[in-house]
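Numbering (the numbering used here), first residue to last: 23 to 141. No residue lacks a Cβ here, since even glycine has one placed at the ideal position from N, Cα and C. These numbers were taken from a predicted model, which means no experiment stands behind them. Quick notes on the structure that follows.
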């Protein structure tokens, strides 16, 4: 068996579809900078919206004269808020998963279709 054919096959196997040379640095940057930054920005925006809704609810409750209605509105808001937090954590998990998996993909130009490179 000729060693050169084995090495040529290995060279072809490693050259197609493997990550670029900067792949470990991309993963490190993604793990310790891009992913936490994106997740924290997403959560901060959500918390800001939740706080605005809570302030609006408290403003509405201040005008409420019936304590039973005020209590039921607060309970409904807490239930809605718990569901919103649940869906938010799922969105953050999907965001983190997407960010972590995108670091392992080879860089492709986004502005050109895949067939434009062959021309």
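Rounded distance between the beta-carbons of residue j and residue i, thought under 8 Å
i: residue 110; j: residue 68; result: 5 Å
i: residue 114; j: residue 49; result: Not really, about 20 Å apart at Cβ, beyond 8 Å.
Beta-carbon proximity of residue i to residue j, cut-off 8 Å
i: residue 83; j: residue 92; result: yes
i: residue 52; j: residue 100; result: no
Closest by C-alpha distance to residue i, when choosing among the options
i: residue 103; options: 46, 76, 49, 66; result: 76
i: residue 81; options: 47, 54, 95; result: 95
i: residue 105; options: 89, 90, 72; result: 72
i: residue 119; options: 47, 56, 78; result: 56
CB contact check: residue i to chain C, cutoff 8 Å
i: residue 100; result: Within the model displayed, chain C is absent; a lone protein chain is all it includes.
Say whether the stretch 92-110 touches the stretch 52-62, bearing in mind that this needs 3 or more beta-carbon pairs closer than 8 Å, one atom from each stretch.
no
Going residue by residue through the stretch 67-110, where are the continuous alpha helix (DSSP H) segments of at least 4 residues, counting only ones entirely within it?
none
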